[in-house]
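Here it is, written out as structure tokens:
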């Protein structure tokens, strides 16, 4: 019943009863005096929270929002619509998910009988049981949660890979992504150390509206020592030098490294390669790498000059626009992430048949080779040779699984002195109020990190031995993971192009229960990369904070609707991906997103600092621009997401089908196939950039 929801919200927002459980007082916000922007935002935010609480307070609050919207306040108009969506979602809940409706009823009963306003464990269990059940399940016994999750992830190995990776430097394609944005100081474009033509182009692009938001994109005016591209490639080059010194690779061998380049502003794709060419020219020589940079122009060439003619020749034609929609690098994270996997299949068929796997890193990650050997049981290349990568086995429910993907883990640069196996996300001794009364993903994230990423194959009680038993991974990071080309071509996983955060975790969802032996990641115990983002990209991370938060809200919306679109029962999916990956797939996504947004803005406004108040205004503006149209589309045209996913799957099927056809034609000596192979190699040669070539 809607009344149950209103009871819970009254307790969270301090309406008509005890002090606010969240610390955000809706009536106080709604009564903020003044006519400046932050005062108007405070009143609108308070009115929004009160509008969800029922009673005369809700009537008054709604009237206030309507008046402000009628006077042209875009914030009020957005919040008024958001309130209607939240209440509609709650009205529908009993019909859509009876279990969640019961949790809502239990939370309302707690609100009735408990006058306390402390955000203590009892409050957390009651409120989170409804709003954030994945977190509630982690509250009672965190240690037991870790051990239970580890048991759920254990796989009995039936057959190790009979032909594991033997020579990583020739059998693997390394990949990574480059994210570019405009200079932080637009007024100083003339001072950039680039050619005049490039500087003039950047000035023109600076007049465009931003289209995409990334966690910490590289600004074109970044100093060399903070340039993530140079930093990552230089360290990868040094890691390969370490392998050669250890006798793990031929002295003259070079590792192929394919980089995608995605941009925040459309015009940047026209200058991305020129910028990278000039930036990398000043970098040190990297004798162990062959670097290829793929812009959207390059992926278009691969389609126009290779894949489209091949589709016409060998598949009898097809809608190439479906392929173009999925095969490329511009757009949200999901698009370039899928490309960086799929390109290895193209590489195997048309460039170098020795390439049997791909491994993605982020360029702010480094292989700490000495510590890998000392503490992790072997260097990076030694981990890649594991027969667990590509093994077959059975999971905790005795289902057959194929471990065709590989996942390592991360250790923060500031923590590595404490040991290689130091979690990059740790437990917290207390759970804050504020936004966290609705959602606090750090708790399941920390426990999932311990259970999955930090597991060592010791064979001790509760630990796999790394031979007859191992761990499968659901929780993975965007870098430090790989896939065998054969498994890629057979299972055909992809991340939908609309996914803008957690693209790594969305990748597996596309094939979660497909086939007799679904595809899974095997945990590579001891394969950790040092995460150096705070050491050299802290300013970029800080600048992207608002976009990152809104991206997190969008993640919840898309993951929640994506799970409902997949061809397997919701509860089966949730059981598999909880607690961390699953906490973003909510049965009440609009409610969760709306509460997180309002409570976060309330926190920022309460801070009193001018900078945080400005952040609150930016946050509301971006949320209104990005969340409003998305929620409207998802709620009003739910089949549209299913249709979009079906089209994207068709596009990827065209890609893999045409590669199969090309491979067959090449084996038969077909001259047209050889001509297309030559065309692909020409495109790749044009993508090659030589660091230190100044």
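Residue numbers (the working numbering): 17 to 710.
Cβ coordinates follow ideal geometry from the N, Cα and C atoms, glycine included.
This structure is a prediction, so every number in the text was calculated from the model and none was measured.
Query	Result
Contacting residues, own chain, Cβ-Cβ under 7 Å from residue 581 (five flanking each side not counted)	657, 658 and 661
Residue burial classification, residue 148 (beta-carbon count within 10 angstroms, cutoff 16)	buried
Run of the alpha helix (DSSP H) containing residue 353, from where it starts to where it stops	349-366
Inter-residue Cα distance where the pair is residue 698 and residue 324	16 Å
Contact the segment 472-488 vs the segment 536-546: 3+ CB pairs below 8 Å	yes
Cβ pair count under 8 Å reaching 3, the segment 424-432 against the segment 182-198	no
Range of the contiguous alpha helix (DSSP H) that encloses residue 100	90-112
Integer Cβ distance of residue 98 from residue 610, believed to fall under 8 Å	5 Å
Residue 178 burial status per 10 Å Cβ neighbour count (16 or more: buried)	exposed
Residue 417 versus 533, 28, 74 and 617, residue with shortest Cα-Cα distance	533
Opposing strand residues paired with residue 704 [DSSP bridges]	308
Rounded straight-line distance, which links the Cα of residue 449 to that of residue 621	15 Å
With 16 other Cβ atoms within 10 Å as the buried cut-off, status of residue 423	buried
Environment of residue 583 [buried if 16+ CB atoms lie within 10 Å]	exposed
Residue interval of the beta strand (DSSP E) (run including residue 271)	271-279
Proximity winner among 359, 150 and 241, relative to residue 700 (alpha-carbon distances)	359
Nearest-angstrom Cβ-Cβ length linking residue 455 and residue 255, presumed shorter than 8 Å	Residue 455 to residue 255, Cβ: 37 Å. No contact.
Buried versus exposed, by CB contacts within 10 Å (16 or more), residue 253	buried
Collapsed DSSP secondary structure at residue 638 in the structure displayed	helix
Residue 59 versus residue 470: straight-line alpha-carbon distance, rounded	46 Å
Distance between residue 692 and residue 184 (C-alpha atoms, nearest Å)	27 Å
Buried or exposed (CB count within 10 angstroms, at least 16 for buried), residue 488	buried
Residue 419 to residue 19 span [Cα, whole Å]	48 Å
Sequence-distant residues of the same chain with beta carbon closer than 8 Å to residue 537, five excluded per side	419, 421, 422, 423, 488, 489, 490, 492, 497 and 524
Residue 298 (DSSP reduced to helix, strand or coil)	coil
Rounded distance between the beta-carbons of residue 40 and residue 55, thought under 8 Å	Between residue 40 and residue 55 the Cβ distance is about 16 Å, and since that is not below 8 Å, they are no contact.
Extent of the continuous beta strand (DSSP E) to which residue 193 belongs	188-197
Nearest-angstrom Cα separation, counted from residue 33 out to residue 346	50 Å
Residues bridged to residue 539 (per DSSP)	423
Simplified DSSP state of residue 235, which is helix, strand or coil	strand
Bounding residues of the beta strand (DSSP E) (the contiguous stretch that carries residue 489)	485-489
C-beta atoms of residue 292 and residue 235 nearer than 9 Å	no
Secondary structure of residue 418, DSSP reduced to three states	strand
Which listed residue (486, 137 and 289) has its alpha carbon closest to that of residue 403	486
Spatially closest choice to residue 280 from 516, 466 and 602, by CA coordinates	516
Beta strand (DSSP E) segment containing residue 230, residue limits	Where residue 230 is concerned, there is no enclosing beta strand (DSSP E), given that its DSSP letter is neither H nor E.
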